[in-house]
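Below is one structure; the comments refer to it alone.
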Amino acid sequence: EKIAAERAKVEMEAAARKAKEEMKNAEEDIATVEKAKKKARVKGESISSPATTPESNSIKDPKISKGSAKDKTKAKKKVKKVIKKRVKNSKSADKESVEAE
Numbered sequence: 001e002k003i004a005a006e007r008a009k010v011e012m013e014a015a016a017r018k019a020k021e022e023m024k025n026a027e028e029d030i031a032t033v034e035k036a037k038k039k040a041r042v043k044g045e046s047i048s049s050p051a052t053t054p055e056s057n058s059i060k061d062p063k064i065s066k067g068s069a070k071d072k073t074k075a076k077k078k079v080k081k082v083i084k085k086r087v088k089n090s091k092s093a094d095k096e097s098v099e100a101e
């Protein structure tokens, strides 16, 4: 019985050491991810938002966000202008199709 108890104690200590090591590795992984997120934020890129939507492509473009504030507002105004034109064109196209009918 003494031998069995000693063996169980040694196994538990080994399991505890292994669990501690795994926790440490997990914490290091989390820290690495956080560092990558910070770097991306500094560069003006967004990790969490998908870059597939047209809004995020036009306004959160890394090329735009690297410039000065004046350049950013200019670029945003250009984007808004283009969007307004597209909306206007689509409305006029709808009117023409209604008139043709």
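Numbering (the UniProt record's numbering), first residue to last: 1 to 101. Beta carbons: idealized from backbone N, C-alpha and C, even for Gly. Quick caveat: nothing in here was measured; it's all calculated off a predicted structure.
A straight line joining the alpha-carbon of residue 24 with that of residue 3 spans about 32 Å.
DSSP, read as helix, strand or coil, puts residue 21 in helix. C-alpha of residue 79 to C-alpha of residue 89: approximately 15 Å in a straight line.
The three-state reading of DSSP puts residue 1 in coil, since its state is none of H, G, I, E or B.
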